[in-house]
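Residue numbers (this note's numbering): 11 to 227. We treat Cβ as the ideally placed atom computed from N, Cα and C, and that holds for glycine. Bear in mind the structure is a predicted one, so any value in this text is a computation, not a measurement.
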């Protein structure tokens, strides 16, 4: 991924937080059958390994787990959000007309080595933990024991676990950091007005930081 210096995010803490808050990742692999991409919910254990370990599972009928061998390198892409940026939103455009459309986004790429975990104990534990995390906000959280044992056992046998030890974690936070503070502020306000609070709010923080820097200059 091409990352200009002003868009680079290399701190592990915000990248781990991005993965935790936006766990649906794209597993990109180059296995025996060639390139593949699978959209999967991941669970990050940040304290495992040197840079964290990702856990997920796939349907047993999905060929990706048989296409890969233990130790193969894969990449997982996590996306927090994105938004189109119109040049009409920049005050400087009215003065110089030297602005063009762009797209802002926040993403993380995790590279790592894969281990196939086709073991009932691993799969059951991974599914139980993933369920607890995502059911926590429900008024009455669903749990695995809610289903008949034979049904749950059959469902677990139909999936295979995948573990990825992260070897490299990079991030790109593209929020118009290369623009003037007034342009970033105006664009963030335009996004929020149209309902894109996530990227809009992130750009507001950038605008505030840039304003402090400009005031010191």
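Cross-strand partners of residue 176 (DSSP beta bridge): Position 166 of the chain shown, counted from the first residue, corresponds to residue 176. 122, per the DSSP bridge assignment.
Residue range of the unbroken beta strand (DSSP E) whose run includes residue 46: Indexing the chain shown from 1 puts residue 46 at position 36. Counting along the chain, the beta strand (DSSP E) containing residue 46 begins and ends at 44 to 51.
Residue 127 versus 187, 137, 35, 41, residue with shortest Cα-Cα distance: The residue labelled residue 127 in the question sits at position 117 within the chain shown. Minimum Cα-Cα distance from residue 127 among the listed residues 187, 137, 35, 41 corresponds to 137.
Backbone CA spacing between residue 58 and residue 172 [nearest angstrom]: Taking the first residue of the chain shown as 1, we reach residue 58 at position 48. Taking the first residue of the chain shown as 1, we reach residue 172 at position 162. Taking the straight line from one Cα to the other gives about 15 Å.
Contact set for residue 77: own chain, Cβ-Cβ below 8 Å, skip 5 residues either direction: Locating residue 77 in the chain shown gives position 67, counting from the first residue. The residues are 39, 41, 42, 43, 46.
Segment contact, 8 Å Cβ cut-off, at least three pairs: the stretch 201 to 220 with the stretch 26 to 33: With the cut-off at 8 Å, the stretch 201 to 220 and the stretch 26 to 33 do not touch.
CB of residue 226 within 7 Å of CB of residue 17, strictly: In the chain shown, the residue the question calls residue 226 occupies position 216. In the chain shown, the residue the question calls residue 17 occupies position 7. Cβ atoms of residue 226 and residue 17: not closer than 7 Å.
Integer Cβ distance of residue 130 from residue 179, believed to fall under 8 Å: Taking the first residue of the chain shown as 1, we reach residue 130 at position 120. Taking the first residue of the chain shown as 1, we reach residue 179 at position 169. The Cβ separation is near 30 Å, so there is no contact.
Buried versus exposed, by CB contacts within 10 Å (16 or more), residue 213: On the chain shown, position 203 is the one that residue 213 refers to. With 16 or more other Cβ atoms within 10 Å, it is buried.
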